[in-house]
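All residue numbers for the sequence shown refer to this note's numbering, where the first residue is -7 and numbers rise by one.
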Amino acid sequence: MTEQPTHTSYRELVRDAEPMVVDEQHIDSAPRLGPDSLIWKFYGDYRVQLFGFQRLAGTENAVAELAQGVTDHSIIFGDFLGRAMRTAPPVLKAVYSDEPYTWGNTVRDFHKNIKGEMPDGSRYHALNPELFYWAHATFVDQILYCTDTFVRKLSYEEKAQIFEESKIWYRHYGVSARSQPQTYDEFVAYWDGMLDRFAPNKTLTYATGYIRKGVPGPSSVPSPIWTVLAAPLNGYIRTMIVGTLPPQLRAVCALDWDERRERRFQRAAATVRALDPLLSRLPTRIRYAPWAAEGWQRVRKTRT
-7 MTEQPTHTSY RELVRDAEPM VVDEQHIDSA PRLGPDSLIW KFYGDYRVQL
43 FGFQRLAGTE NAVAELAQGV TDHSIIFGDF LGRAMRTAPP VLKAVYSDEP
93 YTWGNTVRDF HKNIKGEMPD GSRYHALNPE LFYWAHATFV DQILYCTDTF
143 VRKLSYEEKA QIFEESKIWY RHYGVSARSQ PQTYDEFVAY WDGMLDRFAP
193 NKTLTYATGY IRKGVPGPSS VPSPIWTVLA APLNGYIRTM IVGTLPPQLR
243 AVCALDWDER RERRFQRAAA TVRALDPLLS RLPTRIRYAP WAAEGWQRVR
293 KTRT
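What follows is the structure, given as structure tokens:
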């Protein structure tokens, strides 16, 4: 592993478009996450999954090379929700299954043929380490941000632990970690630097259209009626979903925000956090996404 790239070296490395796959020689003894990890505890929690979906998708696709890959190869423009549902299970299973390396390699192999040219003629490849790690970093950020905002406030030590665990998670994919930050503080600096790379693109404009224009209604409901019916939902989205986005992402997506909405968002987030003692008592199958719940149920059976 090498030190994290500077802005200049990131551009040079990512546009080399060289896939760098690595293989674990002894999968059975390779490190993996388990029920004692904070990532297991928080990642599959519905609060992290549901409140964090737009932050995850938006930050991931705000970097030019990744957005170009989506534009060139994804069916997001015709099946946005379907793509999300096909992506979530393998990634969750790369954490919670009893075969995390198998599922991690499956996720990696989905990206083998995702490559092409940028508008300026340079190339990109999804398995280039800088690009693949950025995608992984957005999941790490999702856990850190959404846990701290909607579950409970994390200590610095807990954030550092989640980052250390994320290095094991990334290893499951079998892609070079040459640009992976080595400490939590380095990750924060890396993240802040990547936010400065955000730029408008077709994928972002499409994926956030429902926020600017409102959620589209069923064809059977007249437009004026749907406008009234959908008003509470659109108000929720424009506060609680837009509120999760970094300011740089709101800017490139042309999403309105102000201090009044920020205060409303922070009050609502604090209310959700206050409910954590109650929500934490709910059954696993209610608190966690199905693929995470399966992992919890499996380890509990082995311990009884």
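Ideal Cβ placement from N, Cα and C applies to all residues, glycine included. In this text, all values refer to a predicted model and were calculated from it rather than measured experimentally.
Boundaries (first-last residue) of the alpha helix (DSSP H) holding residue i
i      : result
Lys107 : Run containing Lys107: none in the alpha helix (DSSP H); it sits in the beta strand (DSSP E), Lys107 to Glu109.
Lys194 : Lys194 to Ala199
His128 : Pro121 to Cys138
Pro216 : Ser215 to Tyr228
Lys293 : Pro282 to Arg295
Gly36  : Careful: Gly36 lies outside any alpha helix (DSSP H) and carries neither H nor E.
Glu254 : Glu251 to Ala266
Gln102 : The residue asked about is misnamed: residue 102 is Phe in this sequence, not Gln. Element bounds for Phe102: Pro92 to Phe102.
Arg279 : Thr276 to Arg279
Met186 : Tyr176 to Leu187
Option in the options with minimal Cα separation from residue i
i      : options                           : result
Phe124 : Ile229, Ile19 and Val99           : Val99
Gln240 : Phe131, Val167, Leu196 and Leu58  : Leu196
Val291 : Ser29, Phe190 and Val167          : Ser29
Arg39  : Ala49, Gln134 and Gln60           : Gln134
Val13  : Thr51, Lys33, Ser89 and Phe102    : Phe102
Ile19  : Asn53, Pro11 and Thr94            : Thr94
Val6   : Cys245, Tyr35 and His117          : His117
Arg277 : Gly36, Thr263 and Pro11           : Gly36
Gly201 : Val180, Leu274, Phe179 and Arg242 : Arg242
Asn53  : Pro81, Thr130 and Leu274          : Thr130
Pro275 : Ala266, Lys151 and Ala285         : Ala285
Glu16  : Ala169, Lys33, Ala56 and Ala80    : Ala169
Ala49  : Thr263, Ala127 and Glu10          : Ala127
Phe190 : Glu10, Trp32, Arg230 and Thr51    : Thr51
Ala281 : Ala80, Ile106, Glu10 and Ser66    : Ala80
Asn105 : Lys159, Arg279 and Glu10          : Glu10
Alpha carbon of residue i to alpha carbon of residue j, nearest angstrom
i      : j      : result
Pro121 : Asp8   : 10 Å
Ile217 : Pro210 : 11 Å
Ser21  : Gly96  : 16 Å
Val87  : Val143 : 20 Å
Thr63  : Ser1   : 25 Å
Arg253 : Gly235 : 8 Å
Ala300 : Thr294 : Nothing about residue 300 can be read from this structure; the chain reaches only from -7 to 296.
Val167 : Arg47  : 24 Å
Arg3   : Asp250 : 33 Å
Tyr176 : Leu221 : 44 Å
Val83  : Asp248 : 32 Å
Val180 : Phe155 : 10 Å
Gly151 : Pro111 : Contrary to the premise, residue 151 reads as Lys rather than Gly in this sequence. Taking the straight line from one Cα to the other gives about 38 Å.
Asn193 : Arg255 : 29 Å
Phe257 : Arg204 : 18 Å
Ile297 : Phe34  : Absent from the model: residue 297. The displayed extent of the chain is -7 to 296, so no value can be given.
Arg115 : Ala246 : 28 Å
Arg230 : Ser215 : 20 Å
Trp32  : Asp188 : 30 Å
Val244 : Gln153 : 32 Å
Pro219 : Tyr198 : Strictly speaking, residue 219 in this sequence is Thr, with Pro absent from that position. For Thr219 and Tyr198, the distance between alpha carbons rounds to 20 Å.
Arg265 : Pro238 : 20 Å
Endpoints, the beta strand (DSSP E) within which residue i is located
i      : result
His117 : Arg115 to His117
Burial state of residue i (16 or more Cβ within 10 Å)
i       : result
Pro92   : buried
Gly301  : What is shown of the chain runs -7 to 296, which leaves residue 301 out entirely.
Ser171  : buried
Gly61   : buried
Gly287  : buried
Thr(-2) : At Thr(-2), the pLDDT of 46 sits below 50, so the modelled position is not reliable; the number obtained from the coordinates is stated separately. Classification of Thr(-2): exposed, given that the 10 Å Cβ count is below 16.
Leu146  : buried
Glu157  : buried
Glu109  : exposed
Val132  : buried
Pro269  : exposed
Pro173  : buried
Ser272  : exposed
Glu149  : exposed
Val55   : buried
Ser89   : buried
Leu267  : exposed
Lys85   : buried
Chain D contact for residue i (CB, 7 Å cutoff)
i      : result
Pro216 : Absent from the structure is chain D; it holds one protein chain and no more.
Three CB pairs or more closer than 8 Å across the region 30 to 46 and the region 137 to 146: yes
Segment contact, 8 Å Cβ cut-off, at least three pairs: the region 23 to 32 with the region 150 to 165: yes
contact_flag[the region 223 to 232, the region 184 to 196] where n(CB pairs < 8 Å) is 3 or more: no
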